[in-house]
Every structure is written in structure tokens, then in C-alpha cells.
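Trainee: I am attaching a structure below and will ask some questions about it afterwards.
Protein chains: 2
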Amino acid sequence: MQPQNTPVAGTTGTTGGSGSLSYEQAGVNYDLIDPLKIAAQRAAAATAGHLAPHGFSEVAASRGESAYVVDVGPFYLASIVECLGTKTLVADEMARLTGKSWYDRIAQDTLAMAINDLITVGATPLLVQAYWAAGGSDWFGDTQRAQALVAGWKAACDRCGVAWGGGETPALAGIVEAGRIDLAAGCTGLVNPKERLSLGDKLGPGDAIVLLASSGIHANGLSLARKLVERLPQGYLTEIDPANHPGLTYGEALLAPTVLYSPVTEALWQAGITPHYCANITGHGWRKLLRHPGRFTYRIGTVPPVTPVLKFIQTLAGQDNNESYSTLNMGAGFAIFVAADQAEQTAAVARAQGIDAWVAGRVEEGPKRLLIEPLGIEYGAEDLQLR
Amino acid sequence: MQPQNTPVAGTTGTTGGSGSLSYEQAGVNYDLIDPLKIAAQRAAAATAGHLAPHGFSEVAASRGESAYVVDVGPFYLASIVECLGTKTLVADEMARLTGKSWYDRIAQDTLAMAINDLITVGATPLLVQAYWAAGGSDWFGDTQRAQALVAGWKAACDRCGVAWGGGETPALAGIVEAGRIDLAAGCTGLVNPKERLSLGDKLGPGDAIVLLASSGIHANGLSLARKLVERLPQGYLTEIDPANHPGLTYGEALLAPTVLYSPVTEALWQAGITPHYCANITGHGWRKLLRHPGRFTYRIGTVPPVTPVLKFIQTLAGQDNNESYSTLNMGAGFAIFVAADQAEQTAAVARAQGIDAWVAGRVEEGPKRLLIEPLGIEYGAEDLQLR
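Chains as they are written, first to last, in my numbering: chain A, 8 to 394; chain B, 8 to 394.
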């Protein structure tokens, strides 16, 4: 099981004042999911030997990482299936309120969930499969919405240079709620040449941490974001920052599509830079910087500006920084760990792809912890138990 | 889009008497899905060129087939994501009636949907990904059910010799209905060596048609099967064939897990037999025998025995053979087209894997049609429009 969409229990930070709303309070109970996940992980690991008769083997270090990697000889094969989550509920409500479809953005979000995870292992995404499970045939009868989904999916494939192989469009009345759709994406890629593999053995003290900008909430923390709308008299149409972003509503800001990071990782390879490790900053917020299985201290000296919608959520939820950075991306959607002397170039390559980037910190010897010094935050190993 | 779970509109056969129930009447409206599928297929096809900068290319003939195939040099890569459909609704109701979980069988069904499609192109399935999207965290709190799902998934992987790479277990309250789960599987494999590719160019007049036994309804036609239960005073606990199968209830018979056919295709390769084409007999019933894009006549002289639950459904729905064979597998879950002089050995290889098999007919020159001679049925090209 890749755990990025189902954080383990008990890891969310402390809440703020009496009116604050934590991740668990927003409706997801990970205590109930975990025993199944552990059983599934054990059963899955026990199947690795099936590759041997074919002459192949799994890359065991990829278990627990964001994509599963198999050594097929001339290169590694990487694959993943990822769910969007509940962001469509915001799109549906915004469609009701604004009369337009937001599913072109939702399509990008869905593909980003799969592609941004796949690239963390060093893979080039090659092809994707669509999984669009609707609550009934009538979902597909809304032409504007359906065409937006197709157009957004195609555009995201074009942006990432992946082939759209096909997919499934089942109508699941009785399983998926009427009027809703369960969106997911499968992605398969290659680590080619094999030295691009970045499962963590290259990471070490002295490496730099480069953070890439997010566009907003991306596709994690939506349960919280949806719960918070109840506190807003104008709901999703509330302006989140009238002074600096007049007219930008909460709903529209939430629906900023997730940044696709594969153009950056591919451009890095072209530039001769092989990341030592990567982390997709999703469901655990910045605690994902602790994802590497080793024992290092991660010291952050530069904190990217907080995306307005995340600042708005933080304020509305009454969260302190400790809690917000532990669950939301707070402006940084992807982390690249590279040799220190390649850090500035890494950031420059990202910016050339239109994605802001910061050389934000460094890897050090020391106990497993993340220090966000400008904010006085420390997360320890006990704050992220993914495996 | 792979169309096997979403048959196109207007292709279902005529209905029988006034009490008969057709596929569309059971609640799936393909007219609404089709325009989206066509748009998606066109958009997807337009992304094929993205493989070229990586030095790869798609196998164009795989578009519209059951799995997407990419030429990555030393071998072909094949991938697919497949949905189970609504069979879980039967399992849920049977759990309520019997107090036991049926999700070990459901797990096999889900994997079979992906694996049985992947192998049609000649691929060896290598790894699978789980997609288990529940209506809420509490779904995973039913330990018996969750463990059955894990155990069944593991057992199916073991049976097919595939590695279980990981997966997703999201809780999607508000999208998936409370107490329900949306199950799907991703499967990636290799066509290796490349001459195993079976996208249809090898098929020709004189080839034999070998049919492999199904175990029951498999995972297609469940909407109809669930609708029919309303006609039964004892519902899912109705005995379907007291004389020959005392105690076998409608619900249990429906939940016979889908046969996994990859052990047969792998054993055929070991035996030196390369199928000229394969068809997974799913949503369109025997019309799937017309799946090959070419223009041939398929003449069936031997019809396998009808699985009792399918006979029961046919009678209950008041369907004639023409309709039943056009939507249900009627006892044959998979078709292998091979050189005539390898037909008997193909059937023997299948039987050695514990799956009954029949050399049922042959491919001939002539207009595109399927003749099921013992039943006086003829389906034409207009009865199956998959692409």
C-alpha cells in the first residue's frame, strides 16, 4: 500500500484554540483503516517472489515508497494507482454556484496524484489510465462537464508528455453516490537508465533541500476545507483575500489544479542532475520531508510564501503553524533532495518550467527530525509513521 | 478507453415475452456514456506521440483492445485499470443474510477483471495494484470483511503468479455510498518475448475456437441479476437447482468467483502454443467472439453446458437464447483462437490447469458474424460496436 492518501493514525499535530478544527475532526478516521493496511502490506510483500520465475525481481526498497518498482532487466518498471479523493465535491458545489464546470482542473488534479508520486522514485511517467467511476450513467450526460474532464485530462497528459492509454468509465449506481464520480489514475513508467532510481540510498548529510511551489491546497486536506465552509456565511463564494486578490473566491482558490511536477524531474535529468531523493508533499504536509527511511535531521532555513488559500484555511480553522505545516503543503508541493552544489541549478531548472522553487534547507547528521527554523517548528520521527 | 465494462448502446438483443427483462431495463444507459467515451478515445489517441521522445511507441492496434500496449524496445509493456462493477452489492446483501463475508471471492473477481483482460494481448501479468475506495473509514472497521478481502487478493495473486505492488485505500464519504466500496485493480505486464503479442494479425480462416469454462456469472450482468432478485420471494436465498445442487442459493451461486485465466495462457506459452487471438467474454456475452477487428465468420458447433446460475437467470428473466448469449457468458468465460492443429492440446492445457475447455468451433472466410449453430443464433458485426 502506498500510504500517501491514508495517513496513519495519531500523527496529526495538536490543535489550537477551542474553535480549531483538526484533520481527524473533519471526518477521516485512520484508526479504522490502519489494521487493514498493515495486513494488506504484509500480504503484498509476500507476493514479491512471484517475479522470480519471470527472471525479474522487485526493488524491495520501493515498498512503502510512493510507487512500486520492479527490475525487468534493462530498466526498472514503476507503477501506481492513485485516487483523487474528495476534491470533486468542491467542484460539484462550485458548478452549482457558478454555472460552469471545473472538471478540467479536477482532471489535472487526478493525474497529478499519480504522476507526482511516480516520479519520486526516479521514474519517467510513460502512460496513464483513466478511472472514472460515476454514480450513474447520467453523470456522463452533462456534456459540458464530461468534455471538460476529457480536455483537462488530455492537457495534463500533454504537459507531462505521457500517453493516455485508455481507462474505465463504469456507471456504479448503488456504490458511487448519484451525481458523483470517483476519479483515479493509473500510471506506469520506467526508471531508465537505472541510475535514475532515487529510493533513498543516495541521500546523505550535506544534501540540499529544494522546495517547489504548490498552487494551493492541491488534493489533500479537502475534507477539512469542505468542513470549514460551514463557518462562512457566503460559503465557497467568500473572497479569501480581497486586498491582494480581489474576486478570488474560496471555492475557486481551492480548485487551483495541483501542479504537475514531472516536467521538472525530466528537465533535471536533461540537465544532468539526479535527485538523491524526492518527496511529494501531500496528506501529511511537511512531515513528508521526513519520508526517507534513514535517520537524518532536516533543517529548513527558508520557508516559501504561504499560498493565500492555505493561509485562509489556517486562520479559519484556528490552527497554529505546527498543525498547519503538519497537514497542509503551505506553499511547497514537492521536495527535491540534491547534492548541495546542484541546488541552485535545480531551483533554476524548476523556475524555467514555470514553477517557483527555493533552496530551502539541508540534510544533516542527527536524530530523525525536521526543523523549520523560521517558524520554530520541530517534527520528530514519531510524527510520521508511513511504513 | 477499454470498452468491456461499458458496452455501446443499442446492441443488446431483442427481449422475450412481456415479463422479460433486458440489460438496459436493469438500469445501465449506455447512450449517455458513449459520447464521453468517443471524446475520450479521440483525445487519448492524440497523446500517442508523447512516447517518441522517450524512444518508444505505442502499438496502435492495442487501442480499442483490452489492454494498452507500448513498445519499449526489448519487449512490450501492457497495462490496464479495471473496475469490478456492482458485484459487491450482492456480497453485501449475502453477508447480511448469512453472517459471513464473501469478500475473498470478490477480491478474486476484481483481479480477474484486470488480469483476464491483460492476457488477451499476449501479456504475462507481472504486478497488480489494489484500488479499494470505501464510503467511509468504518468500512475497514469490519475486520472479518477486510481480512477476507486481503486474503482473497493475496490468493488470487498467488494463483496468477503476480506481485502485489501496493495500492490505495481511500475513505471517500460523500462520493462512495456509506457502507459500500468501489473496487478496482491496476495490472501491468510484459509481452515477452515480443512474438507473444496477440492483437489479431495472426488470426485467419481455419483457426480453431477454444472456449474455457466460466464459473458462473463472473462480474458482468450483475445489474440484471440484482434486479431479478425482486422476483424471488426468498430472494438471494432461493435455491436455484434443488435437484442437482441442493442448498445452492442464488446469492452464493452469483458469488462464485470469476475464473482467473492467466495460468492457462502462461501454460500455453510453456507448451509452445501462441494463441492467434484471445477474447475475454464479459459484458457483451458471446458477442465478444466478434471482437477481432477483421472480417471473419465464426462458426460454433459445440456449446458448453450452461452454468446453473446462468440458466436460472435466463429462465427468471424470460430471455430467449438470442438475448442471453448476447449479454451473459453462458458457461464460457474466455475464448482462445489457435491454429487448428493445436486446438486439442490447447483444451488439454486448460484442463490441466483445472479449467474445463472445449474445441467449440472455427474461423472461416465470410461476412463478420457469429453462428452458434446448435442454438440457431446469428450475431452480425452490427451487434458489437466496441471501437
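Heads up, the beta-carbon is just placed ideally off N, CA and C, and yes, glycines get one too.
#1: Using beta-carbon positions only, say whether A:His225 and A:Thr176 come within less than 8 Å of one another.
#2: Measuring alpha carbon to alpha carbon, tell me which of B:Ala153, B:Leu377 and B:Val66 ends up nearest A:Leu134.
#3: Could you check the C-alpha separation between B:Ala354 and B:Phe147 for me, to the nearest Å?
#4: Does A:Leu104 pass the burial test, meaning 16 or more other C-beta atoms within 10 Å, or should it be called exposed?
#5: Could you tell me which residues DSSP pairs with B:Gln408 in its beta bridges?
#6: Do you know offhand how far B:Ala342's Cα is from B:Ala98's?
#7: Could you round the C-beta distance between A:Glu389 and A:Leu378 to whole angstroms and report it? I think they count as a contact, below 8 Å.
#8: Taking B:Pro374 and B:Thr304 to be in contact with their CB atoms under 8 Å, please state how far apart those CB atoms are, rounded to whole angstroms.
#9: Could you work out which residues of chain E lie near B:Gln154, taking near to mean beta carbons separated by less than 7 Å?
#10: Hey, does A:Thr127 have any beta-carbon neighbour from chain B nearer than 8 Å?
#11: Compare the C-alpha of B:Thr309 against each of B:Leu262, B:Arg358, B:Glu380 and B:His252 and name the closest.
#12: What would DSSP say about B:Tyr75, mapped onto helix, strand or coil?
#13: So, helix, strand or coil for A:Phe319, using DSSP?
#14: Here's the rule: buried if 16 or more other CB atoms are within 10 angstroms of the residue's CB, otherwise exposed. What is B:Ala185?
#15: With a threshold of 16 other CB atoms inside 10 Å of the CB of B:Ala155, please say whether the residue is buried or exposed.
#16: Distance cutoff 8 Å, beta carbons only. Does B:Trp293 sit that close to anything in chain A?
#17: Should B:Leu190 be counted as a contact of the ligand PLP given a C-beta to heavy atom distance under 7 Å?
#18: Is there a Cβ of chain B sitting closer than 8 Å to that of A:Cys285, yes or no?
#19: So that I know if they touch, is there some Cβ in chain A lying closer than 8 Å to that of B:Arg187?
#20: Just grab the DSSP bridge partners of B:Gly387 for me.
#21: Just to check my reading of the structure: B:His291 and B:Ser333 have Cβ atoms closer than 8 Å, yes? What is that Cβ distance to the nearest angstrom?
#22: Can you tell me which residues form a DSSP beta bridge with A:Tyr83?
#23: Which chain A residues are close to B:Val169, counting only those with a beta carbon under 8 Å from its beta carbon?
#24: Could you tell me if B:Lys107 is buried or exposed, where buried requires 16 or more neighbouring beta carbons within 10 angstroms of its beta carbon?
#25: In this structure, what does DSSP give as the bridge partners for A:Thr256?
#26: Would B:Thr93 pass as a contact of A:Ile182 if the rule is Cβ separation under 8 Å?
#27: Spell out whether any CB of chain A is found under 8 Å from the CB atom of B:Pro270.
#28: For A:Pro249, which residues from the same chain have a beta carbon less than 7 Å from its beta carbon, with the 5 sequence-adjacent residues on both sides left out?
#29: From the DSSP output, which residues share a beta bridge with A:Gly181?
#30: Taking DSSP as the reference, what is the three-state secondary structure of B:Ala67?
#31: Should B:Ser221 and B:Gly340 be called a contact, given that it needs their Cβ atoms to be closer than 8 Å?
#32: Given this structure, state the Cα-to-Cα distance separating B:Glu237 from A:Asp41, to the nearest angstrom.
#33: Taking only runs of the beta strand (DSSP E) that begin and end inside the region 272 to 310 of chain B, which ones reach a length of at least 3 residues, in chain order?
#34: Looking at C-alpha atoms only, which residue of A:Thr256, A:Thr150, A:Leu296 and A:His61 is the closest neighbour of A:Leu219?
#35: Smallest Cα separation from A:Gly361: which of A:Ala191, A:Thr272 and A:His283?
#36: Mind checking B:Thr150: buried by the 16 CB within 10 Å criterion, or exposed?
Mentor: According to the structure data:
#1: Taking the first sequence and counting its residues from 1, the one referred to as residue 225 of chain A is at position 218. Taking the first sequence and counting its residues from 1, the one referred to as residue 176 of chain A is at position 169. Cβ distance not < 8 Å, so A:His225 and A:Thr176 don't count as in contact.
#2: If you number the first sequence from 1, residue 134 of chain A lands on position 127. With distances taken between Cα atoms, A:Leu134 lies closest to B:Val66.
#3: The residue labelled residue 354 of chain B in the question sits at position 347 within the second sequence. The residue labelled residue 147 of chain B in the question sits at position 140 within the second sequence. Computed Cα separation, rounded: 41 Å.
#4: The sequence position of residue 104 of chain A within the first sequence is 97, counting from 1. Exposed: under 16 other Cβ atoms inside 10 Å.
#5: In this structure chain B extends from 8 to 394, so residue 408 of chain B is not present and cannot be described.
#6: The residue labelled residue 342 of chain B in the question sits at position 335 within the second sequence. The residue labelled residue 98 of chain B in the question sits at position 91 within the second sequence. Those two C-alpha atoms are separated by around 28 Å.
#7: Mapped onto the first sequence, residue 389 of chain A falls at position 382. Mapped onto the first sequence, residue 378 of chain A falls at position 371. Their Cβ separation, rounded to whole angstroms, is 15 Å, which puts A:Glu389 and A:Leu378 out of contact at 8 Å.
#8: For the purposes of this step, residue 374 of chain B is taken as the residue at position 367 of the second sequence. For the purposes of this step, residue 304 of chain B is taken as the residue at position 297 of the second sequence. Contact flag correct, Cβ pair sits at about 6 Å.
#9: Annotation note: the requested chain E is absent from the structure, which comprises protein chains A and B.
#10: Locating residue 127 of chain A in the first sequence gives position 120, where the first residue counts as 1. It does not: the Cβ of A:Thr127 has no partner Cβ on chain B nearer than 8 Å.
#11: Looking up residue 309 of chain B in the second sequence gives position 302. With distances taken between Cα atoms, B:Thr309 lies closest to B:Glu380.
#12: By one-based count along the second sequence, residue 75 of chain B stands at place 68. Secondary structure of B:Tyr75 (DSSP, three-state): strand.
#13: If you number the first sequence from 1, residue 319 of chain A lands on position 312. If DSSP states are grouped into helix, strand and coil, A:Phe319 belongs with the helices.
#14: For the purposes of this step, residue 185 of chain B is taken as residue 178 along the second sequence, with counting starting at 1. Looking at its Cβ environment, which holds fewer than 16 other Cβ atoms inside 10 Å, B:Ala185 is exposed.
#15: Numbered from its first residue, the second sequence carries residue 155 of chain B at position 148. So B:Ala155 counts as buried.
#16: Along the second sequence, read from residue 1 onward, the residue named residue 293 of chain B stands at position 286. With 8 Å as the cut-off, B:Trp293 does not count as an interface residue toward chain A.
#17: The ligand content of the structure shown is nil, which means the ligand PLP is not present either.
#18: Numbered from its first residue, the first sequence carries residue 285 of chain A at position 278. No, A:Cys285 lies away from the interface with chain B (no Cβ there is under 8 Å from its Cβ).
#19: On the second sequence, residue 187 of chain B is found 180 positions in, with the first residue counted as 1. By this cut-off, B:Arg187 is an interface position.
#20: The sequence position of residue 387 of chain B within the second sequence is 380, counting from 1. The partner list for B:Gly387 (beta bridge, DSSP) reads B:Arg376.
#21: Start at 1 with the first residue of the second sequence, and residue 291 of chain B comes out as number 284. Start at 1 with the first residue of the second sequence, and residue 333 of chain B comes out as number 326. Taking the Cβ atoms as the reference, B:His291 lies roughly 7 Å from B:Ser333, within the contact range of under 8 Å.
#22: Looking up residue 83 of chain A in the first sequence gives position 76. For A:Tyr83, which the question treats as bridged, DSSP gives the partners A:Asp78 and A:Val198.
#23: Position 162 of the second sequence, counting from 1, holds the residue named residue 169 of chain B. Per Cβ cutoff of 8 Å: Thr54 and His57.
#24: On the second sequence, residue 107 of chain B is found 100 positions in, with the first residue counted as 1. Per the 10 Å Cβ criterion, exposed.
#25: Looking up residue 256 of chain A in the first sequence gives position 249. A:Glu246.
#26: As a first step, residue 93 of chain B must be located in the second sequence, where it is residue number 86. As a first step, residue 182 of chain A must be located in the first sequence, where it is residue number 175. Yes, these two residues count as a Cβ contact at 8 Å.
#27: Here residue 270 of chain B is taken as the residue at index 263 of the second sequence, counted from 1. With respect to chain A, the C-beta atom of B:Pro270 has no partner C-beta closer than 8 Å.
#28: If you number the first sequence from 1, residue 249 of chain A lands on position 242. Excluding positions up to five away in sequence, the list is empty.
#29: In the first sequence, counting from the first residue as 1, residue 181 of chain A sits at position 174. For A:Gly181, which the question treats as bridged, DSSP gives no partner whatsoever.
#30: Walking along the second sequence from the start, residue 67 of chain B turns up at place 60. Per DSSP, reduced to three states, the secondary structure at B:Ala67 is helical.
#31: Stepping through the second sequence from its first residue, residue 221 of chain B is reached at position 214. Stepping through the second sequence from its first residue, residue 340 of chain B is reached at position 333. It is a contact, given that the beta carbons lie within the stated cut-off.
#32: Within the second sequence, residue 237 of chain B is the residue found at index 230, counting from 1. Within the first sequence, residue 41 of chain A is the residue found at index 34, counting from 1. Their backbone Cα atoms lie some 38 Å apart in a straight line.
#33: 284 to 287 and 304 to 307
#34: Here residue 219 of chain A is taken as the residue at index 212 of the first sequence, counted from 1. Looking at the Cα atoms, A:Leu296 is the closest of the given residues.
#35: By one-based count along the first sequence, residue 361 of chain A stands at place 354. Taking only the C-alpha atoms, the option nearest A:Gly361 is A:Thr272.
#36: As a working mapping, residue 150 of chain B is identified with position 143 in the second sequence. B:Thr150 comes out exposed.
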